[in-house]
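So the sequence lines, in the order shown, correspond to chains A and B. Remember, my numbering sits 358 above the position in the first sequence when you count from 1. Remember, my numbering sits 724 above the position in the second sequence when you count from 1. Shown next, in structure tokens, is the structure this report addresses.
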Amino acid sequence: MEIKVGKKIQAANDAIAERNRAGFTAAGAMVFNLISSPGAGKTTLLIASLERLKGKLGCGVIEGDVETDRDARRLAHLGLPVVQITTDGACHLDANMIATVLPDFPLARTKLLFIENVGNLVCPASYDLGERGRIVLMSVPEGDDKPAKYPAALVNATAVVLTKTDLLPHCPFSKDKFWADVAGVNPRVQRFEVSAVSGAGLEEWCAWLLAQARPAL
Amino acid sequence: MHELSLAQALLEQVLAAAREHGNPRVERVRVRIGEFAGVEAEALRFAFEALRDDYGCAGAGLDIERVLATLRCPACGTEGTACGDDGLPDLRCERCGGAAELMLGRELELAAIDVEER
Numbered sequence: 359m360e361i362k363v364g365k366k367i368q369a370a371n372d373a374i375a376e377r378n379r380a381g382f383t384a385a386g387a388m389v390f391n392l393i394s395s396p397g398a399g400k401t402t403l404l405i406a407s408l409e410r411l412k413g414k415l416g417c418g419v420i421e422g423d424v425e426t427d428r429d430a431r432r433l434a435h436l437g438l439p440v441v442q443i444t445t446d447g448a449c450h451l452d453a454n455m456i457a458t459v460l461p462d463f464p465l466a467r468t469k470l471l472f473i474e475n476v477g478n479l480v481c482p483a484s485y486d487l488g489e490r491g492r493i494v495l496m497s498v499p500e501g502d503d504k505p506a507k508y509p510a511a512l513v514n515a516t517a518v519v520l521t522k523t524d525l526l527p528h529c530p531f532s533k534d535k536f537w538a539d540v541a542g543v544n545p546r547v548q549r550f551e552v553s554a555v556s557g558a559g560l561e562e563w564c565a566w567l568l569a570q571a572r573p574a575l
Numbered sequence: 725m726h727e728l729s730l731a732q733a734l735l736e737q738v739l740a741a742a743r744e745h746g747n748p749r750v751e752r753v754r755v756r757i758g759e760f761a762g763v764e765a766e767a768l769r770f771a772f773e774a775l776r777d778d779y780g781c782a783g784a785g786l787d788i789e790r791v792l793a794t795l796r797c798p799a800c801g802t803e804g805t806a807c808g809d810d811g812l813p814d815l816r817c818e819r820c821g822g823a824a825e826l827m828l829g830r831e832l833e834l835a836a837i838d839v840e841e842r
């Protein structure tokens, strides 16, 4: 006998994500979920960005890693609210992990909140955390074929940031091919090219972030 | 491997559906996985088969319907697939080249369960 169900497998996660989202909206916080492979430069870009933004509006970070609090420690000198979630093996953050740390997070004075996801271009794409936007980082050394190989990560992205552009002279990387493949998967996505090391592109990137948070101000 | 946590969520949904109908034995579980759901179907099957006994679904089969992406262009109304000329994904309208919307292709759904007749 068939019983029709028609429910999303992720319904439980999505319900918590919606509650998170409602909480963020009520607090006026613009929340971004940062996704990339391990080592693409999420934490480094966050540090460079927050050094420029922290004087302008309340910022905060929720860090996700499989092990250690090293990323949270790297952010500590900024003097901003930073919470570390260690997943003890889970390859992605989920909405419940975020919900668990929110009660202790000073959301009322956070206008721009970054959730730095576990380094992984596959699994985080399947988990709504309650964020307003997803930012996908891909770095020059990873190669220009990544957008075509990881379309599920890009389909829902608000912005794609090509990082480590200071390494372009040393890598066989075609920006034309890279952005053409990004356009194929997500024609409307915002695009940025940055180097946290040289500072290239950071001004434009931070200006965009500020503009995103402004309606929340 | 997130297919393991997805399989757990799936089996919890299966149990909830069965519970609503008096807890009959579950014989088959039918899911729909979209092309852009970011889920590897056979990994999900592996995880399902590894966990089903723990959820009282020993021997239950898993049918996976793969849902191909369907695009709809908001500008010109054209519908099409998301397969580009070179086999790579392409979410642009095949007629006008504008950004198309993904109408189908992100599903991660428990469609139905087949249970033992009483």
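Ideal Cβ positions, reconstructed from N, Cα and C, are used throughout, including at glycine. Since this is a predicted model, take the numbers as computed values, not measurements.
Option nearest residue i by Cα separation, candidates the options
| i | options | result |
| --- | --- | --- |
| A:Asn454 | A:Val555, A:Ala569, A:Arg379 | A:Arg379 |
| B:Asp814 | B:Ala740, B:His726, B:Ala741, B:Glu759 | B:Glu759 |
| B:Leu753 | B:Gly762, B:Ala782, B:Ser729, B:Glu764 | Per the sequence shown, residue 753 of chain B should be read as Val rather than Leu. Checked all of B:Gly762, B:Ala782, B:Ser729, B:Glu764; the closest Cα to B:Val753 is B:Ala782. |
| A:Pro396 | A:Glu562, A:Gln368, A:Val543, A:Cys449 | A:Cys449 |
| A:Lys535 | B:Ile837, B:Leu812, B:Glu841 | B:Leu812 |
| B:Gly829 | B:Tyr779, B:Ala761, B:Gly785 | B:Ala761 |
| B:Ala810 | A:Val476, A:Leu512, A:Ala506, A:Trp563 | Strictly speaking, residue 810 of chain B in this sequence is Asp, with Ala absent from that position. The option with the nearest alpha carbon to B:Asp810 is A:Ala506. |
| B:Cys820 | B:Pro748, B:Pro798, B:Leu739 | B:Pro798 |
| A:Ala384 | A:Asp462, A:Arg467, A:Gly418, A:Glu425 | A:Arg467 |
| A:Glu551 | A:Glu561, A:Ala370, A:Val543, A:Ser484 | A:Glu561 |
Contact belief for residue i with residue j at Cβ below 8 Å, rounded distance in angstroms
| i | j | result |
| --- | --- | --- |
| B:Val750 | B:Leu734 | Not really, about 12 Å apart at Cβ, beyond 8 Å. |
| A:Val540 | A:Val555 | No, A:Val540 and A:Val555 are not in contact; Cβ-Cβ is about 23 Å, not under 8 Å. |
| B:Gln737 | B:Leu834 | 5 Å |
| A:Phe382 | A:Arg546 | Incorrect: roughly 23 Å between the Cβ atoms, too far for contact. |
| A:Leu495 | A:Lys400 | 6 Å |
| A:Leu408 | A:Ala571 | With a Cβ gap of about 12 Å, A:Leu408 and A:Ala571 do not count as contacting. |
| B:Val791 | A:Ile361 | So it is not a contact: roughly 20 Å between Cβ atoms. |
| A:Leu479 | A:Tyr508 | 5 Å |
| A:Trp566 | A:Gln548 | 7 Å |
Residues that residue i bridges to, as DSSP identifies them
| i | result |
| --- | --- |
| A:Asp423 | A:Thr444 |
| B:Pro813 | B:Cys807 |
| A:Phe417 | Reading the sequence as shown, one finds Cys at residue 417 of chain A and not Phe. In the DSSP output, where bridge partners are listed per residue, A:Cys417 has A:Leu470. |
| A:Glu409 | Answer is none; A:Glu409 lacks a bridge partner. |
| B:Glu833 | A:Lys366, B:Arg756 |
| A:Ser497 | A:Thr521 |
| A:Gly491 | A:Phe390 |
| B:Phe770 | B:Phe770 is not bridged to any residue. |
Straight-line Cα distance separating residue j from residue i
| i | j | result |
| --- | --- | --- |
| B:Ile757 | A:Ala373 | 20 Å |
| A:Ile405 | A:Leu433 | 6 Å |
| B:Arg776 | A:Ala510 | 27 Å |
| A:Lys522 | A:Leu471 | 23 Å |
| B:Glu727 | B:Asp787 | 15 Å |
| B:Phe770 | A:Ala569 | 45 Å |
| A:Pro527 | A:Pro499 | 11 Å |
| A:His435 | B:Ala793 | 45 Å |
| A:Gly501 | A:Leu465 | 37 Å |
| A:Leu575 | A:Leu451 | Low per-residue confidence applies at A:Leu575: pLDDT is 49, beneath 50, and the placement is therefore not dependable enough to give any value. |
| A:Lys411 | A:Leu392 | A small correction: the amino acid at residue 411 of chain A is Leu; Lys does not occupy that position in the sequence shown. If I take the Cα positions, the gap works out to 17 Å. |
| A:Gln368 | A:Ile456 | 16 Å |
| B:Thr802 | A:Pro439 | 47 Å |
| A:Leu525 | A:Thr402 | 15 Å |
| B:Ala742 | A:Ala387 | 40 Å |
Near the ligand SAH: residue i beta-carbon under 8 Å from a heavy atom
| i | result |
| --- | --- |
| A:Val363 | Only the bare structure without any ligand can be found here, which leaves the ligand SAH out of the picture. |
Item to complete: May I ask you to list, following chain order, the residues of the stretch 464-489 of chain A that have a beta carbon less than 9 Å from some beta carbon of chain B?
Response: Against chain B - using a Cβ distance shorter than 9 Å - the residues of the stretch 464-489 of chain A are Asn478, Val480, Cys481, Pro482, Ala483, Ser484, Tyr485.
Fill in: Selection of the stretch 824-840 of chain B by Cβ proximity to chain A, strictly under 9 Å
Listed in sequence order: Ala824, Leu826, Gly829, Arg830, Glu831, Leu832, Glu833, Leu834, Ala835, Ala836, Ile837, Asp838, Val839, Glu840.
Item to complete: Please list the residues of the stretch 800-819 of chain B that have a C-beta atom closer than 7 Å to any C-beta atom in chain A, keeping them in chain order.
Response: The residues in question are Gly808, Leu812, Pro813, Asp814, Leu815, Arg816.
Discussion item. Beta carbons nearer than 7 Å to chain B: which residues of the stretch 543-555 of chain A have them?
Written reply: Listed by position, the residues of the stretch 543-555 of chain A near chain B (Cβ gap below 7 Å) are Val543, Asn544, Pro545, Arg546.
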